Each structure stands twice: as C-alpha cells, then as structure tokens.
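Undergrad: Residue numbers (the UniProt record's numbering): 1 to 355. Please find one structure pasted underneath; my questions will follow.
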Ligand code: NAD
Ligand code: ZN
C-alpha cells in the first residue's frame, strides 16, 4: 500500500549559527531519481550535531539546517533510478548521505573521503524531521526484526567506532583504551571492542559513566576528573604495565589528544575520531619514534562498514544503553550534552519522531 505523504512536516531547524534549533513545520522534500524518502521513526543525537549548530569546524554548513544523521525508519517513496532498496524496507540514514561513486576514493571504498560527499544534517537536511532524503546507494538497509530505536545510534556512532577499531589494527586479546568511553560513541565502542575479542580500559569522568562502563564490560575505568596521574593509571591497567595496544580518542576535549602517546604501548596505534573545536594533536617526536607509535585519523565508515556494524547489532552482540525523548526536546538534549568539564549524558539519546 502506498503511504500517503503529507505536504508539511515537523522538524527541528537551526536558522543561525549557534542555534538553538526551532521546532516548526516545513515542507516534505521530494526524492530525486536516484534517491529515497525515508519516514524517520527514531534518530540518535550525536555530538557532531552540536558541533554543527555551534559552527565548531572549518567546514561550511547549510543554513537553515535540519541536523541529525543517525536515522532509522521506513522507505516511503523512491525515484525511478533508485536501486537496491524498496518502499517498505527498513532503512538507516548515515552521516554520508551521498558521494559521487566515480572518484578514486569512491572506487576504492573510501567514499567518506570523496570531495563531492554530501553529509546528512550538515550539507543536506538530516534526520531531525519526519521525512528525510537519502541517496539510494548510500542508505543502509536494516533487517526487519531489529528495534528501530536501539539501532539508530549504530548508523553513526556504531559504524564510526567499529571502523576505528578496525583501523587501529588491534587483535583479539589485545587492550584498547577508549577515551570518552561514557559518551555515545564510547558506549558503543566498548561493546564492539568486546565483540571483537579486545580488552577494554574505559576513560571518562563521573560515577554514572563509571557504572555504565563497568556494565558494558570494561575491565578498568579511569576517571579523568579524579585521577592524580592518568598516564600511570592507564598503563597500570595494561598487560605488564607496558601501555595500551590501541587508543581510541573519542573525547570532545583536546587534552587526551596530547596525552595518548604517553600510555600507548610501543608499536601501538592511536586513532583520532573525536572532533573537538580548534584542537591539535601533539606528540613528542622522540617518544613517537622510539616507541614506533602509529597515529592516525578515522572518519565514519564506508557502505560495507555500515553493513557489518548493523550485522553485529542484529546478531545481538551490541547492547548499549540509550534514553528516548521526543523530537521536540532536542534543545534540552544539546544542553545536557554540552559541557564545561564533561557532558552529562551517559550513553546516547534517541529522539522519537512524531507519527
Ligand atoms: P558525547 O558527548 O556523547 O561523548 C563525549 C565523551 O567525551 C563524554 O562522555 C565526555 O565526558 C568525554 N570526555 C570529555 N573530555 C574528556 C577527557 N579529557 N577524557 C576522557 N573523556 C572525556 O559525544 P559523541 O556523540 O560520542 O561524539 C564524540 C566525538 O566524536 C565528537 O567530537 C563527534 O563530533 C565525533 N565524531 C567523529 C566521527 C568520525 O567519523 N571521526 C563520527 C561521529 C562523531
Ligand atoms: Zn555522528
């Protein structure tokens, strides 16, 4: 049965840099020939959405903007050339809304690096609305039997940390330090790491995040707000005190990006994923050289990373806590997420989109 698509819909719209988002009615968009229209049921709120609203990054932003890029919903319309996904299918909208599919990066499965890439909730409107457009080639088909609220955060946070763990090169049995473990990406990173046979040291602040990290299977929690010597505490938690085989930097502050070399193991890798505003990676050349440390960045994932991250979830291996709130509450969630010392959200917020 064809779904009747209204002309107008509810959305959270950022009208000027700095926000706040305004809850209002806007027109429902029409998909182009190679696009689908997804009726969003749930969407995660990623810290990236807050960076976007604040204008934190040296990357031009669409304005006015409907943010959001962790959407899970149902395909309700498609263009004539849209292939691989049908009306009625459950579908996920990712950060990468589209890419050219013809450049060297796209051809070699590095489509996040495509210079023509369009980004959901940043350069094109995203999932903080009832109906969102995605390129058919880039939407992620979701299994029918998975809950759309729980899977929403997989579409950005899950894919990103899964890819980051693969990029780290850490092997089963090795130890990964997850910095920012109590946040949205961090909570999922712990579950993916565990499912991949890695041992986890969680680093974040506060007792609520401690309790969550211990539940998610971290062997040790280091509280950066309380530790007198964070480097020593992390090293002490690693085999033979030699440091972590891999460090996943997910925090939204600069300090850990300067500190990680000190507790990375020789031959270890440091993967930068968090994107704090105006921040720099800094490492002593001597230590980096004589410890043969590998420092790299990791940016979301390609379409197959999406398929694999969803598959881990669908097989029941990924269980991270999330709280739900109505789409209308987005400004309140941004306030909780923002922080002076550290954010107040343990895990992820998922917004329920009105029918
Ligand atoms: P979040 O707010 O849910 O979590 C961030 C966590 O970092 C919080 O728990 C906070 O307490 C913690 N933190 C802050 N300072 C810390 C410190 N000094 N040491 C340890 N922990 C600290 O944010 P999120 O949604 O998980 O996103 C995290 C970051 O990743 C954001 O900057 C986001 O833009 C970025 N991101 C990057 C990619 C990518 O592809 N590279 C994809 C998605 C998100
Ligand atoms: Zn995100």
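Glycine is no exception: its CB is placed at the ideal position from the N, C-alpha and C atoms. From a predicted model like this one, the values you see are computed outputs, not experimental measurements.
How many whole angstroms separate the CB atoms of residue 141 and residue 201, which I take to be in contact at a CB cut-off of 8 Å?
TA: Contact doesn't hold; Cβ gap of about 35 Å is too wide.
Undergrad: Quick one: using the 10 Å Cβ neighbour count with 16 as the cut-off for buried, is residue 205 buried or exposed?
TA: Label assigned to residue 205: buried.
Undergrad: Take the Cβ of residue 361 as the centre, count every other Cβ of all protein chains shown within 10 Å, and call the residue buried at 16 or more, exposed below.
TA: The question about residue 361 has no answer, for the chain in this structure spans 1 to 355.
Undergrad: I need the straight-line Cα distance from residue 334 to residue 50, nearest angstrom please.
TA: Going by the C-alpha atoms only, they are around 6 Å apart.
Undergrad: Once the 5 residues before and after residue 284 are set aside, which same chain residues still bring their CB inside 8 Å of it?
TA: Closer than 8 Å at the Cβ level, and outside the excluded window around residue 284, lie 261.
Undergrad: In whole angstroms, give me the CA-to-CA distance for residue 292 and residue 27.
TA: Cα to Cα, residue 292 sits roughly 54 Å from residue 27.
Undergrad: Going by C-alpha distance, which of 70, 135, 113, 127 is nearest residue 80?
TA: Comparing Cα-Cα distances from residue 80 to each of 70, 135, 113, 127, the minimum goes to 135.
Undergrad: Do residue 318 and residue 298 count as a contact pair if the criterion is CB distance below 7 Å?
TA: No, the pair does not count as a contact, with Cβ atoms beyond the cut-off.
Undergrad: Measuring straight from C-alpha to C-alpha, what distance separates residue 150 and residue 107?
TA: Residue 150 and residue 107: Cα-Cα distance of roughly 32 Å.
Undergrad: Taking 6 Å as the cut-off, does the CB of residue 114 come closer than this to any heavy atom belonging to the ligand ZN?
TA: No - the ligand ZN has no heavy atom lying nearer than 6 Å to the Cβ of residue 114.
Undergrad: The ligand ZN and residue 48: does any heavy atom of the ligand fall closer than 6 Å to the residue's C-beta?
TA: Yes, the beta carbon of residue 48 sits closer than 6 Å to at least one heavy atom of the ligand ZN.
Undergrad: Among 126, 91, 76, whose alpha-carbon lies nearest the alpha-carbon of residue 327?
TA: Residue 327 has its Cα closest to that of 126, out of 126, 91, 76.
Undergrad: Pick out the complete beta strand (DSSP E) segments inside the segment 100-150, 3 residues or longer, and give them in chain order.
TA: Complete beta strand (DSSP E) runs here, min 3: 131-135, 140-142.
Undergrad: Which word fits residue 102, buried or exposed, when buried means at least 16 other C-beta atoms lie within 10 angstroms of its C-beta?
TA: Classification for residue 102: exposed.
Undergrad: For the segment 18-35 and the segment 115-122, state whether three or more C-beta atom pairs, one from each stretch, are separated by less than 8 Å.
TA: Short answer: they don't touch.
Undergrad: Hey, could you find the ends of the alpha helix (DSSP H) residue 356 is sitting in?
TA: Because residue 356 is not part of the residues shown, which for the chain are 1 to 355, the question remains open.
Undergrad: What did DSSP end up calling residue 252 once you bin it into helix, strand or coil?
TA: Coil, per DSSP.
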